[in-house]
Structures are given as structure tokens and as C-alpha cells.
Amino acid sequence: MDRDAVEPSVESMPGSRAQQWADYHHQYSAPSTYVYDFVWDTSAPAIGPFCTDVDGNVLLDFTSHVAAAPLGYNNPTLQEKLAAFDLPDPTKIAGQDFYVSSDWPPEDSDRPGPTELMERLTDVTSHYDMDTVFLSNSGAEAVENAIKICYASGGHRGVTTEGAFHGRTLGALSLNRSKTVHRKGYPEIPGIMSIPYPSTDEAYDRRWRTDGPGGNVLADKLHPSQGVVDAAELAYVIVEPVQGEGGYRPAHPEFARDLQAIREEYDVAVIADEIQSGLGRTGEMWGVDHLDLTPDVITCAKGMRVGATVSRSDVFPEETGRISSTWGAGDLLSSFQGALTLDVIQEENLLENVQTRGRHLRESLVDAALPGVTDVRGPGLMIGVEFDGKDRRERVVEAALERGLLTLGCGHRTVRLLPPLDVTEREIDLAVDLFGSAVEDAASDVTTATTDGGH
Ligand SMILES: Cc1ncc(COP(=O)(O)O)c(C=O)c1O
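Under the numbering used here, read the sequence shown as residues 5 to 459, first letter to last.
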């Protein structure tokens with residue numbers, strides 16, 4: 005497949021094989037898991053954002069597997085490095101509780117394992133003085149361990165934000181405020197308060213600022229004489245620098261500054277959940293790099309292939325056995341791929357590409373002035389296109405799919421676009437054309453806006 009020439013081509017979407025495959029899948033999979041209408045054929049040609057599905061349709065994938073594939077399909081540099089990896093005895097264990105060496109000296113390995121992955125993660129978080137990592141297997145576990153280490157430092161309360169998504173283990177789930185379906189009926193850890201997550205000027209003024217003693221919702225609660233919560237009881241504030249599931253909404257810069265002031269005044273740990281916004285997605289290595297906010301803990305996963313809780317050594321509990329995971333860091337190949345992904349992002353200067361292409365994507369969508377679109381937002385290649393109603397959003401995702409463009413919904417009425425970090429100008433232009441045509445198509449089916457709230 006020639007990346008510079010290939011174009012999406014669709015016979016029927018979803019095709020009959022994809023439907024058959026989905027039926028087969030559902031004979032065994034838990035019924036509540038998501039179903040996507042495309043089934044990627046891993047043995048068929050794929051490159052960058054292009055892949056082939058089981059019916060032979062060629063698709064332009066602007067989902068990057070929900071940020072789990074930041075380098076797209078068959079990234080040549082990654083492939084080359086992986087090809088040189090001679091998979092050792094498959095029974096050989098990995099994980100951070102075990103020492104694994106595949107090369108010498110440890111700091112200069114061509115086949116980086118869990119330890120080298122941790123070293124790289126401290127390199128890209130050194131501007132926050134982070135020097136220590138706990139590796140696990142998923143985003144939810146990265147969050148789970150982030151809150152555990154903060155609780156271990158003292159305090160039994162946590163703060164989360166409206167619209168947040170932090171994962172599905174019971175601890176992480178207790179921090180979610182994006183959709184009822186994630187939480188209903190499940191027990192939650194106590195002591196979690198939620199605060200607004202202002203993204204716009206209007207929300208910052210109306211929902212966050214107050215006339216109270218602290219001047220904002222959280223500072224009022226923590227105020228020493230007039231507040232309602234003893235700040236010493238607060239273990240952390242967890243925040244997504246750009247909300248993912250909640251609707252691709254960037255944190256308002258002043259909101260971030262206010263959180264920084266609270267962090268400094270009350271010595272409260274800030275956890276930046278970078279599981280969707282990290283690893284270059286926003287044009288900086290971390291979404292929080294855009295803000296005047298210093299995180300004490302960063303969580304990342306997805307494209308890293310493993311879960312990672314990164315922090316300063318003084319934030320982690322010292323006692324042996326306080327946190328642990330048998331398969332933390334996955335197998336050798338997972339940590340190897342995570343480390344190489346970080347290498348490719350840096351060696352190929354992808355942050356710059358994300359900034360340039362992101363600007364082009366955002367501006368092209370704004371210039372297209374598409375019917376029913378109420379907002380186009382987001383830093384880098386984490387772009388949310390908000391519509392005037394959920395029905396229209398659903399129809400647009402469907403119409404895009406029929407044209408071979410894969411997109412995803414988020415929030416209540418937003419489409420998220422997150423192509424691979426090395427996306428080209430031609431690919432952006434192709435996607436904008438297909439997206440525009442899908443929106444026009446949807447406009448003929450959906451004429452009236454539903455009133456179902458924002459995002
Ligand atoms: C911001 C954020 N936090 C946590 C998670 C949970 O990650 P995982 O699905 O790997 O458990 C996600 C997943 O989408 C996420 O977007």
C-alpha cells in the first residue's frame with residue numbers, strides 16, 4: 005500500500021464479512037462491550053492511518069484506536085526496530101517486579117525492556133522533577149495506583165471534575181463523572197468531591213468563579229475559616245488536561261492556574277491523567293505542558309502498551325509491598341514497544357508535526373463552516389467537533405463510516421478526530437473532504453437540533 009497515493013474506497017460499510025465477524029465475536033464476548041462497525045484485517049495492507057477491513061474496504065482511520073496506536077498502522081521505523089527483536093523464550097517473564105536484561109550495558113540497550121521504559125518516562129517528565137515510575141498494565145491501573153500513592157501520603161478525600169473519565173476499576177470508576185452507564189449500581193470509594201471543569205470563558209466565570217472567600221468553587225470549600233473541608237484531608241485533585249470521553253474539552257487556562265494556586269497553598273497533590281492526552285497527542289509531550297499547572301503525578305497508558313504511574317520518589321510509599329503487580333509492564337514485547345514508541349515520537353520530531361497538522365485540521369474544519377457544527381476545538385491532533393445535537397452527531401459518524409472515514413463520538417454531541425501523530429497534509433485534506441461530505445449528508449436527514457446539553 006502506497007501511503008502517498010492510497011485513498012479510502014468502500015464497497016459497503018459494514019460489509020457482510022464484518023457483520024459475520026461481529027456475530028462470531030458476540031457469541032463469546034460480554035454483551036456490554038463496545039462494537040465497532042469495522043473489522044480490521046491484520047493480514048491485509050495497512051500503513052499510517054490507512055487500513056483494510058475484512059471486506060476489502062480501504063479505510064482512513066482518524067481514531068488511532070482511541071489513542072492506543074499513536075503511530076498508526078505499520079509505522080516503518082517501529083516495524084524495523086520490532087523486526088530486529090528476536091522474541092526470546094516466550095515463557096520468559098517480564099514485569100517490573102522481575103529483572104530482565106536483553107542487552108548490555110543496561111542504559112544503552114537496543115532492546116529496551118521495562119527498566120529502560122521507566123528511564124525514558126522519567127526523561128520526558130524531568131521538567132516536573134519526576135524520577136520514579138510504577139508500571140502496570142492498563143490506564144485504569146495507572147490511575148488506581150496514582151490515587152493509592154497519594155492516599156498513602158495522607159488524606160482520605162479526593163477531588164475529581166465534572167465530565168471526567170479515569171477508567172473502570174472501582175477506584176478509578178469512583179472518579180468518573182462523564183456517563184451514568186459507567187457508574188450506576190457499582191459501589192464507589194468514599195470521600196470523592198466533584199468540581200466543575202470549565203473549558204470556556206463563559207463556564208469559567210459562571211460555574212467556577214465565586215464571590216466566596218476563596219474566589220472559586222474548590223478554594224471556597226478548602227478555606228481555613230469559612231470552608232467545609234479540611235485541606236489536610238485532601239489527598240489529590242485528579243484532572244485530565246484535555247477531557248477525553250467527556251467531549252474533547254481543554255481545561256481553561258485560568259482554571260489550571262487556580263488549581264496551581266490551591267496546590268501551592270494547601271500542599272495538595274495534582275494528578276494529571278494523560279492516558280488520552282499524553283504522548284504527544286496535543287503537540288506537547290503532555291497535555292498539562294500547555295497549562296500553568298505542575299503535576300505531582302502523571303498517568304499514561306494506551307500507546308505506551310502498559311500502564312504507567314509517574315511521580316517524584318517522595319510521593320511513592322517506601323515500604324516494600326505497598327504497591328505491586330505480577331505483570332506490571334506487560335510482557336517483554338509490550339515494554340519494548342512502549343519504549344520504541346517514545347523513541348519514534350522524539351526521533352521523528354512528531355510533536356512539531358502534531359502542531360502543524362493539528363492547526364491545519366482545525367482551521368480547515370472551521371473554514372468549511374459545516375451545517376450543525378457549533379464548535380471546533382482542541383490542541384494538536386486531539387480535535388473535537390461539537391454538533392447541535394446527539395442525533396446529528398450519530399448520523400455524522402455513520403455517514404463518515406459509509407465513506408471510509410473512521411471517527412468516534414465523545415461527550416454527548418461531539419465527534420473526536422485523532423489521527424496518528426505522523427499524519428500528512430494530504431491525509432488531513434482527504435479526511436476533511438470526507439467529513440464535510442458526511443456532515444452535508446447528515447444535514448439532509450437531521451434538520452432540527454435536539455436539546456440535550458453540551459459537549
Ligand atoms: C483519560 C483516561 N483515563 C483512563 C482511561 C482508562 O484506560 P484503560 O482503558 O487502559 O483502562 C482512559 C481510557 O480511555 C482515559 O481516556
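By construction, the Cβ of each residue, glycine as well, lies at the ideal position given by its N, Cα and C atoms.
Owing to the predicted nature of the structure, the values given are computational and were not obtained by experimental measurement.
(message) In the DSSP assignment, the beta strand (DSSP E) including V70 goes from what residue to what residue?
(response) Premise fails: V70 lies in the alpha helix (DSSP H), S68 to A71, not in any beta strand (DSSP E).
(request) Out of E322, L385 and V137, point me to the one whose CA is closest to L121's CA. (result) Of the listed residues, the one whose Cα sits closest to L121 is V137.
(message) Quick check on H416: buried or exposed, where buried means 16 or more other Cβ atoms within 10 Å of its Cβ?
(response) H416 is buried by the Cβ-count criterion.
(message) Let's see if you can read the secondary structure: which residues bound the alpha helix (DSSP H) around F439?
(response) Start and end: E429 to D449.
(request) Please find out if some non-hydrogen atom of ligand 1 comes closer than 8 Å to the beta-carbon of H170. (result) With a cut-off of 8 Å, the C-beta of H170 is classified as near ligand 1, since at least one heavy atom of the ligand falls inside that distance.
(request) Using only alpha-carbon positions, find the residue among L425, G334, A373 and V348 that is nearest to R361. (result) Comparing Cα positions, the closest option is L425.
(request) Taking only heavy atoms of ligand 1 into account, decide whether any of them is closer than 8 Å to the Cβ of D277. (result) Yes, since a heavy atom of ligand 1 falls inside the 8 Å radius drawn around the Cβ of D277.
(request) For G218, collect the residues of the same chain with a Cβ closer than 6 Å to its Cβ; drop the 5 residues on either side in sequence, then sort them by chain order. (result) Counting only Cβ-Cβ distances below 6 Å, and skipping sequence neighbours, we find D224 and H227.
(message) For H30, count the other beta carbons within 10 Å of its own beta carbon; 16 or more makes it buried, fewer makes it exposed. Which is it?
(response) By the C-beta density criterion, H30 is exposed, having fewer than 16 other C-beta atoms within 10 angstroms.
(request) Report yes if the C-beta of A312 is less than 8 Å from at least one heavy atom of ligand 1; otherwise report no. (result) A312 has its CB no nearer than 8 Å to any heavy atom of ligand 1.
(message) Using only CA atoms, which one of E390, A447, L297 and S448 lies nearest to L421?
(response) Distance from the Cα of L421 is smallest, within the candidate group E390, A447, L297 and S448, for E390.
(request) Classify Q247 as buried or exposed, calling it buried when 16 or more other Cβ atoms lie within 10 Å of its own Cβ. (result) Taking every protein chain shown into account, the CB of Q247 has 16 or more other CB atoms within 10 angstroms, so this residue is buried.
(message) ligand 1 and Q280: does the residue's C-beta get closer than 8 Å to at least one heavy atom of that ligand?
(response) At least one heavy atom of ligand 1 is found less than 8 Å from the C-beta of Q280.
(message) Between G248 and ligand 1, is there a pair consisting of the residue's CB and a ligand heavy atom that are separated by less than 8 Å?
(response) Yes, the beta carbon of G248 sits closer than 8 Å to at least one heavy atom of ligand 1.
(request) Starting from the C-beta of A273, find all residues in its chain whose C-beta is less than 8 Å away, skip the five residues before and the five after it, and write them out in chain order. (result) Cβ within range, chain order: C154, S157, A239, Y240, V241, R267, D300, V301 and V319.
(message) With three or more beta-carbon pairs closer than 8 Å as the criterion, would you say the segment 256-271 touches the segment 288-300?
(response) As far as the Cβ criterion goes, the segment 256-271 touches the segment 288-300, which means the pair count is three or higher.
(request) Would you kindly report the start and end of the unbroken alpha helix (DSSP H) that includes N122? (result) Per the sequence shown, the amino acid found at residue 122 is Met instead of Asn. Its alpha helix (DSSP H) spans residues P118 to D127.
(request) Give me the Cα-Cα distance between G311 and S448, rounded to the nearest whole angstrom. (result) CA-CA distance, G311 to S448, rounds to 44 Å.
(request) Find out if the Cβ-Cβ distance for the pair H436, P375 is shorter than 9 Å. (result) What sits at residue 436 in the sequence shown is Val, not His. No; because the gap between Cβ atoms is not below 9 Å, this pair is not in contact.
(request) Could you have a look at N149 and say whether DSSP puts it in helix, strand or coil? (result) In the structure shown, N149 falls within a helical segment according to DSSP collapsed to helix, strand and coil.
(request) Go to F259, then tell me how far its alpha helix (DSSP H) extends in each direction, as first and last residue. (result) Looking at the DSSP string, the run of the alpha helix (DSSP H) that includes F259 is P257 to Y270.
(request) Using a threshold of 9 Å, state whether the C-beta atoms of G60 and A48 are closer than that. (result) Yes, the Cβ-Cβ distance between G60 and A48 is below 9 Å.
(message) Runs of 3 residues minimum, wholly inside the segment 270-298: which ones carry the beta strand (DSSP E) assignment?
(response) Within the segment 270-298, the complete beta strand (DSSP E) runs of at least 3 residues are 273-277.
(request) Within the same chain, show all residues whose beta-carbon is closer than 7 Å to that of L75, passing over the 5 residues directly before and after it, in chain order. (result) For L75, where only same-chain residues beyond five positions count, the Cβ hits under 7 Å are L82, T345, V348, P424, L425 and D426.
(message) If you follow the beta strand (DSSP E) that Y190 is in, where does it begin and where does it stop?
(response) In the DSSP assignment, Y190 falls outside any beta strand (DSSP E) and carries neither an H nor an E.
(request) Examine the Cβ distances between the segment 174-182 and the segment 137-148 and report whether three or more of them are shorter than 8 Å. (result) Yes: the two stretches touch, three or more of their Cβ pairs being nearer than 8 Å.
(message) According to DSSP, V241 sits in a beta bridge with which residue or residues?
(response) Secondary-structure assignment with DSSP links V241 through a beta bridge to V163 and V274.
(request) Starting from the Cα of F89, find the closest Cα among A403, T378 and A343 and give me that residue. (result) Cα-wise, what sits closest to F89 is A343.
(request) Reducing DSSP to helix, strand and coil, say where G143 ends up. (result) G143: helix per DSSP, three-state reduction.
(request) Using only the heavy atoms of ligand 1, determine whether one of them is closer than 8 Å to the beta carbon of E145. (result) Correct: E145 has its Cβ closer than 8 Å to ligand 1.
(message) Going by beta-carbon coordinates alone, are A150 and D271 separated by less than 9 Å?
(response) D271 sits away from A150, with the two beta carbons spaced by 9 Å or more.
(message) Please state whether the Cβ-Cβ distance between W212 and I199 is less than 9 Å.
(response) In this structure, I199 lies closer than 9 Å to W212 by Cβ.
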